[in-house]
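> Can you keep this structure in mind? I'll have questions shortly.
Residue numbers (our numbering), protein chains in the order written: chain Z, 1 to 760; chain V, 761 to 872.
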């Protein structure tokens with residue numbers, strides 16, 4: 001860096017001037033210094049390059065072995081990430097002896113239709129792999145045709161011959177390359193650009209989900225949708241009269257059609273996604289006509305791509321998998337559109353369920369479709385042209401805590417008379433909503449991330465929601481000061497309606513329980529921790545139960561008043577809210593009961609040594625507890641239970657008694673599940689996701705059965721061996737063994753049912 | 761006598777100290793490192809050792825134009841009616857943080 005002139009007496013100059021003069025002097029000096037620096041910088045290149053090989057080498061040789069000369073800010077940790085030049089596995093620019101630097105394939109050369117077909121299918125295959133998270137350098141960028149079009153030396157109109165078109169009499173084979181394949185490649189580049197734009201406009205995790213890196217290339221920025229579309233049309237027209245066997249003509253047409261549908265769909269025509277699916281089928285049918293032309297692809301392209309990663313081989317993906325993934329992706333998009341359609345977004349609870357339903361599609365939606373879902377939800381202030389974010393938020397508060405209450409009446413928000421209490425309350429609520437707005441939308445956005453990230457972002461949301469709850473408590477008091485809120489006697493105690501803090505607590509507790517459950521799904525708990533985590537789930541579901549008990553009576557009370565006033569519309573809404581709150585109560589109770597069953601089951605398996613705690617010499621129970629509960633330490637309003645609470649909750653029972661208790665809990669859980677099964681989609685607010693809801697119930701029922709099978713297995717083995725298990729803590733590991741099923745092989749990924757086997 | 765002659769010559773430790781000070785002047789300066797496969801790496805020196813292994817950050821790789829590049833440039837040159845020599849730029853790309861093992865280094869240049 002250029003240094004300031006030491007002879008320049010800056011301090012004196014500063015010392016002699018005062019006030020405004022001082023400022024001017026300062027500015028002058030700064031300007032002077034900048035000018036000098038600029039002069040120095042501009043002469044930088046002119047100073048030239050000096051050969052220092054000899055001096056450098058002899059100095060280096062004098063260093064002690066292991067002695068490093070390094071920049072103080074450069075860490076050896078960083079050094080590990082450096083690519084080693086000339087190492088074939090690390091250096092993407094390494095050319096092995098006898099190899100050519102560039103692929104020798106001539107992209108301008110005419111090719112038979114069958115080879116064009118194969119090249120297009122190869123691009124199709126590689127493109128979906130890119131959607132799946134592989135970098136372009138390993139996928140479509142390995143196409144030499146595409147590489148030529150995207151080459152920095154190429155220019156509009158981007159032809160395979162660097163901006164020049166072949167002239168004179170051209171054979172069909174050449175036209176196939178220069179017209180058909182080129183248009184396909186150009187449209188493909190445009191598709192890549194749309195997808196990148198989509199993904200980058202939403203929340204995603206670079207490298208983990210998707211690689212947006214373009215390796216120094218640009219995706220034909222001078223061409224737009226219309227240009228690409230026109231090229232596809234031209235190619236299609238040329239094909240119609242081309243001297244080709246009809247099966248090839250049709251096969252090529254179907255590929256152009258697919259590309260056109262995809263491009264149009266990405267350009268914003270939602271209905272085109274359906275055409276994409278049929279186009280994929282057509283492409284698949286004629287795939288067999290292609291003839292292998294592997295020379296049109298080469299990983300040597302990576303030698304010219306700007307990258308700080310080692311070279312990677314061209315990706316292999318089977319054709320059938322590619323077709324399947326393409327079709328699934330189109331279906332995911334169609335489903336995302338449906339899940340955010342007008343009937344669903346009317347209810348915030350329905351939309352919340354819909355977001356989860358989307359995330360839990362199988363196989364899991366890829367990054368692009370998740371970005372698409374996010375853009376449907378957050379791309380504009382209004383979802384599906386029907387419900388604004390503000391309305392959605394207000395509906396959510398209304399649905400959960402304030403159905404039929406004038407506080408959330410849309411009209412109250414329109415009143416402008418400052419002395420009117422409705423005006424005052426509306427402003428207070430609005431200001432709270434402003435503060436909670438981002439976190440509220442996050443309830444949806446977090447679910448649109450990959451599965452591991454859902455859990456992690458949840459753990460980050462927990463303390464934020466807890467703080468909001470504290471804030472909401474104050475807001476509730478403010479509201480109470482303007483228009484006193486109802487007070488009801490609940491279980492012998494006068495309880496005030498606390499709408500906003502209850503609303504916040506509702507979401508917070510839900511996020512807490514989901515976090516615990518996603519931990520089971522993402523398999524982060526060790527077998528001996530499972531009883532702790534099911535107990536924690538039990539703890540927080542009982543909080544949820546308590547909360548619902550503080551919400552429900554107010555709706556009932558409000559309904560009575562409204563009935564007296566004959567406000568039929570509101571009465572109907574209150575009835576619906578009651579139904580929903582009831583379904584929430586029943587489903588919370590079910591979660592509570594199943595976690596109770598599993599907590600007791602795992603406790604029993606631990607006590608009888610069927611699951612063992614690993615020996616850790618230096619581990620302290622309290623530290624392990626803190627580590628496991630870390631995600632929940634941010635909770636101040638519903639603090640995480642202490643290790644003592646947990647220890648006190650454990651009680652040793654005989655194996656037989658434990659099994660009886662477990663079966664009892666399961667029996668109740670199943671009664672609840674059959675009650676839920678009878679409720680209508682409107683009652684449970686699963687409009688549009690009825691199927692997923694039914695499947696969920698079914699999976700939970702199966703889980704209950706599976707747990708019961710384990711208890712009867714334990715009882716059977718104990719009985720067979722002379723009524724073992726009476727003391728509850730005898731070692732039964734000689735009789736039985738336990739395995740924990742991995743995610744994916746469970747009846748429900750949130751419920752880990754151990755598998756007890758008799759030892760032979 | 762013996763002790764005097766030793767103190768007259770710098771010890772290896774002193775020498776390495778001096779060498780280290782000299783090399784430290786190159787830190788964060790832009791170096792051109794030529795390798796025996798004809799490439800050149802231009803980046804800021806971050807670290808080096810007694811085997812002359814060099815770590816460069818923010819590095820660009822330069823490579824002589826390929827035969828096809830020259831042919832293409834010549835054709836374009838001819839077509840546009842020019843005569844005389846054809847100028848073809850070196851191929852340049854960003855490669856980031858690299859370590860160039862000393863054994864492959866043929867030339868080291870200091871930029872500026």
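C-beta atoms are modelled at their ideal positions from N, C-alpha and C, and glycine is treated no differently.
Is the beta carbon of residue 801 of chain V sitting closer than 8 Å to the one on residue 816 of chain V?
Reading the second chain from its first residue, position 41 is the one you call residue 801 of chain V. Reading the second chain from its first residue, position 56 is the one you call residue 816 of chain V. Contact annotation: residue 801 of chain V and residue 816 of chain V have beta-carbon atoms nearer than 8 Å.
> Residue 771 of chain V: buried (16+ other C-beta within 10 angstroms of its C-beta) or exposed?
Your numbering for residue 771 of chain V matches position 11 in the second chain. Label assigned to residue 771 of chain V: exposed.
> Using a Cβ cut-off of 7 Å, pull out every chain V residue sitting near residue 62 of chain Z, in sequence order please.
For the purposes of this step, residue 62 of chain Z is identified with residue 62 of the first chain, where counting begins at 1. Within 7 Å Cβ-Cβ: 775, 776 and 779.
> What is the residue span of the alpha helix (DSSP H) that residue 695 of chain Z lies within?
As a first step, residue 695 of chain Z is located in the first chain; it is residue number 695 there, counting from the start. Where residue 695 of chain Z is concerned, the enclosing alpha helix (DSSP H) stretches over 690 to 720.
> Can you find a C-beta in chain V that's less than 8 Å from the C-beta of residue 158 of chain Z?
As a working mapping, residue 158 of chain Z is identified with position 158 in the first chain. Not one chain V Cβ lies under 8 Å of residue 158 of chain Z.
> Does the CB of residue 301 of chain Z have a neighbour CB from chain V at under 8 Å?
Working through the first chain from its first residue, we reach residue 301 of chain Z at position 301. With 8 Å as the cut-off, residue 301 of chain Z does not count as an interface residue toward chain V.
> Does the CB of residue 838 of chain V have a neighbour CB from chain Z at under 8 Å?
Taking the second chain and counting its residues from 1, one reaches residue 838 of chain V at position 78. Between residue 838 of chain V and chain Z, the shortest Cβ-Cβ separation is not below 8 Å.
> Tell me which residues share the same chain as residue 342 of chain Z and place their Cβ nearer than 6 Å to its Cβ, disregarding the 5 neighbours each side in the sequence.
As a working note, residue 342 of chain Z is residue 342 in the first chain. If we look at residue 342 of chain Z and ignore the five residues flanking it on each side, its Cβ neighbours are 384 and 386.
> Anyone know if the C-beta pair for residue 71 of chain Z and residue 133 of chain Z falls short of 8 Å?
Along the first chain, read from residue 1 onward, the residue named residue 71 of chain Z stands at position 71. Along the first chain, read from residue 1 onward, the residue named residue 133 of chain Z stands at position 133. Not in contact: residue 71 of chain Z and residue 133 of chain Z (Cβ atoms no closer than 8 Å).
> Whole angstroms are fine: how far does the CA of residue 812 of chain V sit from the CA of residue 60 of chain Z?
Taking the first residue of the first chain as position 1, residue 60 of chain Z is located at position 60. Taking the first residue of the second chain as position 1, residue 812 of chain V is located at position 52. Each residue's Cα considered, the two are about 6 Å apart.
> As a quick exercise: from Z/327, Z/213, Z/401 and Z/753, pick the residue whose alpha carbon is nearest that of residue 703 of chain Z.
What you label residue 703 of chain Z is simply residue 703 of the first chain in a count that begins at 1. Minimum Cα distance to residue 703 of chain Z is reached at Z/753.
> Could you name the residues of chain V that residue 65 of chain Z contacts, counting a contact when the two beta carbons are closer than 9 Å?
Position 65 of the first chain holds residue 65 of chain Z. Those within 9 Å of residue 65 of chain Z in chain V are 809, 810 and 811.
> Mapping the DSSP letters down to three states, classify residue 815 of chain V as helix, strand or coil.
Here residue 815 of chain V is taken as the residue at index 55 of the second chain, counted from 1. Residue 815 of chain V: strand per DSSP, three-state reduction.
> Who are the Cβ neighbours of residue 244 of chain Z in its own chain at under 6 Å, not counting the five residues just before and after it?
Position 244 of the first chain holds residue 244 of chain Z. Only 113 meet the Cβ criterion.
> State yes or no: is the C-beta of residue 680 of chain Z within less than 8 Å of the C-beta of residue 354 of chain Z?
To locate residue 680 of chain Z, count along the first chain from 1; it is residue 680. To locate residue 354 of chain Z, count along the first chain from 1; it is residue 354. For residue 680 of chain Z and residue 354 of chain Z, no; Cβs fall outside 8 Å.
> When the Cα atoms are used, what is the spatial distance from residue 281 of chain Z to residue 861 of chain V?
Here residue 281 of chain Z refers to the residue found at position 281 when the first chain is read from its first residue. Here residue 861 of chain V refers to the residue found at position 101 when the second chain is read from its first residue. Spanning the two alpha carbons is a distance of roughly 52 Å.
> Hey, would you say residue 67 of chain Z sits closer than 8 Å to residue 842 of chain V, going by beta carbons?
Here residue 67 of chain Z is taken as the residue at index 67 of the first chain, counted from 1. Here residue 842 of chain V is taken as the residue at index 82 of the second chain, counted from 1. Not closer than 8 Å, so no.
> Out of curiosity, what's the CA-to-CA distance linking residue 649 of chain Z and residue 329 of chain Z?
On the first chain, residue 649 of chain Z is found 649 positions in, with the first residue counted as 1. On the first chain, residue 329 of chain Z is found 329 positions in, with the first residue counted as 1. Roughly 48 Å between the two C-alpha positions.
> Note the first and the last residue of the continuous beta strand (DSSP E) segment covering residue 51 of chain Z.
Position 51 of the first chain, counted from the first residue, corresponds to residue 51 of chain Z. Its beta strand (DSSP E) spans residues 49 to 51.
> Assuming contact is defined by CB atoms lying nearer than 8 Å, are residue 260 of chain Z and residue 225 of chain Z in contact in what I supplied?
Position 260 of the first chain holds residue 260 of chain Z. Position 225 of the first chain holds residue 225 of chain Z. No, they are not a contact pair.
> How would you list, in chain order, the residues of chain V whose beta-carbon sits under 8 Å from the beta-carbon of residue 308 of chain Z?
Numbered from its first residue, the first chain carries residue 308 of chain Z at position 308. The answer, in chain order, is 854, 855, 856 and 857.
> I'd like to know whether the C-beta atoms of residue 469 of chain Z and residue 431 of chain Z end up nearer to each other than 8 Å.
Here residue 469 of chain Z refers to the residue found at position 469 when the first chain is read from its first residue. Here residue 431 of chain Z refers to the residue found at position 431 when the first chain is read from its first residue. In this structure, residue 431 of chain Z does not lie closer than 8 Å to residue 469 of chain Z by Cβ.
> Within 10 angstroms of its Cβ, does residue 785 of chain V collect 16 or more other Cβ (buried), or is it exposed?
On the second chain, residue 785 of chain V is found 25 positions in, with the first residue counted as 1. Residue 785 of chain V should be labelled exposed.
> So for residue 507 of chain Z, helix, strand or coil by DSSP?
Start at 1 with the first residue of the first chain, and residue 507 of chain Z comes out as number 507. Residue 507 of chain Z falls in the helix class under three-state DSSP.
> What are the start and end residues of the alpha helix (DSSP H) that includes residue 330 of chain Z?
Locating residue 330 of chain Z in the first chain gives position 330, where the first residue counts as 1. From DSSP, the alpha helix (DSSP H) with residue 330 of chain Z extends over 319 to 339.
> Since residue 747 of chain Z and residue 708 of chain Z should fall inside the 8 Å C-beta cutoff, what is the C-beta to C-beta distance between them, to a whole number of angstroms?
Locating residue 747 of chain Z in the first chain gives position 747, counting from the first residue. Locating residue 708 of chain Z in the first chain gives position 708, counting from the first residue. Contact doesn't hold; Cβ gap of about 12 Å is too wide.
> Could you say which of Z/714, Z/614 and Z/550 lies nearest to residue 662 of chain Z if we only look at CA atoms?
Residue 662 of chain Z sits at position 662 when you count from the first residue of the first chain. The residue with the shortest Cα to Cα distance from residue 662 of chain Z is Z/714.
> What does a CB cutoff of less than 6 Å around residue 830 of chain V pick up in its chain, not counting 5 residues either side in sequence?
The count along the second chain starts at 1 and reaches residue 830 of chain V at position 70. Excluding residues within five positions, the ones whose Cβ falls inside 6 Å are 848.
> Would you mind telling me which residues of chain Z sit closer than 9 Å to residue 795 of chain V, beta carbon to beta carbon, in chain order?
Within the second chain, numbered from 1, the residue matching residue 795 of chain V stands at position 35. 85 and 86, listed in chain order.
> I'd like to know whether the C-beta of residue 769 of chain V is nearer than 8 Å to at least one C-beta of chain Z.
Counted from its first residue, the second chain places residue 769 of chain V at position 9. No - not a single Cβ of chain Z is within 8 Å of the one on residue 769 of chain V.
> Strictly under 8 Å for the Cβ-Cβ distance: is residue 868 of chain V near chain Z by that measure?
By one-based count along the second chain, residue 868 of chain V stands at place 108. So yes, residue 868 of chain V belongs to the interface.
> Against chain V, does residue 205 of chain Z count as a neighbour if the rule is that its beta carbon must be under 8 Å from one of theirs?
For the purposes of this step, residue 205 of chain Z is taken as residue 205 along the first chain, with counting starting at 1. Cβ-Cβ to chain V under 8 Å: no for residue 205 of chain Z.
> What do you get for residue 620 of chain Z, buried or exposed, if any count of 16 or more other CB atoms within 10 angstroms of its CB means buried?
On the first chain, position 620 is the one that residue 620 of chain Z refers to. With a 10 Å radius around the Cβ and a threshold of 16 neighbouring Cβ atoms, residue 620 of chain Z comes out exposed.
> Given this structure, state the Cα-to-Cα distance separating residue 814 of chain V from residue 872 of chain V, to the nearest angstrom.
The residue labelled residue 814 of chain V in the question sits at position 54 within the second chain. The residue labelled residue 872 of chain V in the question sits at position 112 within the second chain. The straight-line gap from Cα to Cα measures roughly 19 Å.
> Residue range of the alpha helix (DSSP H) that residue 485 of chain Z falls in?
Counting from one through the first chain, the residue named residue 485 of chain Z turns up at place 485. Neither: residue 485 of chain Z is in no alpha helix (DSSP H) and is coded neither H nor E.
> Taking 6 Å as the limit between beta carbons, can you name the residues of its chain near residue 637 of chain Z, skipping five residues before and five after?
The residue you call residue 637 of chain Z lines up with position 637 of the first chain. Around residue 637 of chain Z: 466 and 469.
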